[in-house]
Amino acid sequence: MNDERAERRIAGRRWDWFTRNPLYVHRNYDEFLAIAEKMSAELCPLIEALNYNVPLDDAMEGAGLTSKI
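Here the sequence shown stands for residues 24 to 92, where the numbers follow the working numbering.
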């Protein structure tokens, strides 16, 4: 579980870096797409649940996210 959290944290930081450096994204587009697809796969269930007014804690649990807000 901690490995998954660490991996998400690293992916989030890299995503932030990518969005601030568009020239790097252009040069490394495949890596950018891989990170974007992974983050999208994790966030889509959460966003969909929230659209149906599911409580945030339940939506996060259903999406496999366990961090506290």
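Don't be surprised by glycine CBs; every beta carbon is placed ideally from N, CA and C.
Own chain residues within Cβ distance below 6 Å of residue i, not counting five before or after
{"i": "Ala82", "result": "Leu69, Ala72, Leu73"}
{"i": "Glu60", "result": "none"}
CA nearest to the CA of residue i, picked from the options
{"i": "Cys67", "options": "Asn51, Gly87, Leu56", "result": "Gly87"}
Own chain partners of residue i with C-beta closer than 7 Å, once the 5 adjacent residues on each side are dropped
{"i": "Ala64", "result": "none"}
{"i": "Glu30", "result": "none"}
Neighbourhood of residue i by C-beta distance below 8 Å, restricted to the same chain and skipping five residues each side
{"i": "Phe52", "result": "First, the amino acid is wrong: residue 52 is Tyr here, not Phe. Nothing meets the Cβ criterion."}
Enclosing alpha helix (DSSP H) for residue i [first to last residue]
{"i": "Gly85", "result": "79 to 85"}
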